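Numbering (UniProt numbering), first residue to last: 1 to 166.
Note that CB positions come from ideal geometry on N, CA and C, so glycine has one too.
The model shown is predicted, which means the values in this text are computed figures rather than measured ones.
This report concerns only the one structure given below.
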Amino acid sequence: MPESPDAFAIEPSPSGRLLCGGCAPHDSCRLGVEIADAQDDKVRFDVICPPLWHGGPGVAHGGWKAAVFDDVFSVVALRVEPRLVTKSLSISYLRPVPVERPVEVLARIDRHAGRQWKVSADMTLAGMVPAIARTELRTRHPHHVARHEAWPARQPMSHNGSRAES
Ligand SMILES: CCCCCCCCCC(=O)SCCNC(=O)CCNC(=O)[C@H](O)C(C)(C)COP(=O)(O)OP(=O)(O)OC[C@H]1O[C@@H](n2cnc3c(N)ncnc32)[C@H](O)[C@@H]1OP(=O)(O)O
């Protein structure tokens, strides 16, 4: 019998990294995120924006920063709970971040009760804070992925044969 999609959980890679599904086969984070120091409820990350993720000339795309925050938030909480999803993500973009320059991100669990997690982080570069963010995570329901797979199949078809949003 095929394994349930909800059996999925992020486990350390062969080199001990916590990686998303897209990066796990490469055994490296394509966003440029590495754990520098981990304590119980906070983790410090060394991060370098690869040139691929530039937006304006020589500076990181805002979507890269968002993905970095989403990633580090999950890593902090994944060390306690392997089955998580992001419910909300809020970012303040305060300064540009140059590509290929080391930045530091410090993420901390502010609150955890039941399925609910609140985590926040600061990005720092040479004593400046170019971005801060906070998130709400949820521990996945046991059938989270299976429900999401079933949901599009229930949506009505549009005229061109694709499924309509509802
Ligand atoms: C480097 C280490 C690895 C890092 C990996 C990268 C990390 C990336 C993490 C992510 O980005 S996860 C992907 C982005 N997040 C999502 O796609 C989450 C989508 N949203 C949801 O699944 C739900 O909104 C959520 C589970 C967050 C809701 O949680 P809540 O606790 O606020 O609400 P609740 O569970 O009570 O569900 C609210 C409503 O949604 C419904 N629901 C919940 N889960 C569902 C599901 N799986 N399928 C369909 N409906 C669902 C639920 O029945 C209910 O419906 P009603 O309002 O009608 O009662």
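Distance between beta carbons of residue j and residue i, contact taken as under 8 Å
| i | j | result |
| --- | --- | --- |
| K118 | I91 | The pair is not a contact, with the Cβ atoms about 15 Å apart (cut-off 8 Å). |
| residue 242 | R115 | As displayed, the chain neither begins before 1 nor continues past 166, which places residue 242 out of reach and without an answer. |
| V43 | V75 | 6 Å |
Outcome for residue i when other beta-carbon atoms lying within 10 angstroms are tallied against a minimum of 16
| i | result |
| --- | --- |
| L94 | exposed |
| H102 | The residue you asked about is not His; residue 102 is Pro in the sequence shown. Burial call: exposed. |
| A113 | exposed |
| E149 | exposed |
| S166 | Residue placement at S166 is poorly supported in this model, since its pLDDT is 45, which falls under 50; the coordinates are not used for a value here. |
| V72 | buried |
| S88 | exposed |
With a floor of 3 residues, list each beta strand (DSSP E) that falls wholly inside the stretch 16 to 52, ordered by position along the chain. Inside the stretch 16 to 52, DSSP marks whole beta strand (DSSP E) runs of 3 or more residues at positions 33 to 38, 42 to 48, from first to last along the chain.
Three or more beta-carbon pairs under 8 Å between the stretch 42 to 50 and the stretch 8 to 25, yes or no? Taking one beta carbon from each stretch, the stretch 42 to 50 and the stretch 8 to 25 have fewer than 3 pairs nearer than 8 Å; the two do not touch.
Counting pairs of beta carbons, one from the stretch 50 to 64 and one from the stretch 75 to 85, are three or more of them closer than 8 Å? Contact between the stretch 50 to 64 and the stretch 75 to 85 is absent, because fewer than three Cβ pairs lie under 8 Å.
Taking only runs that begin and end inside the UniProt domain "Thioesterase" (58 to 124), name each unbroken alpha helix (DSSP H) of 4 or more residues, in chain order. Fully enclosed alpha helix (DSSP H) runs of 4 or longer: 62 to 78.
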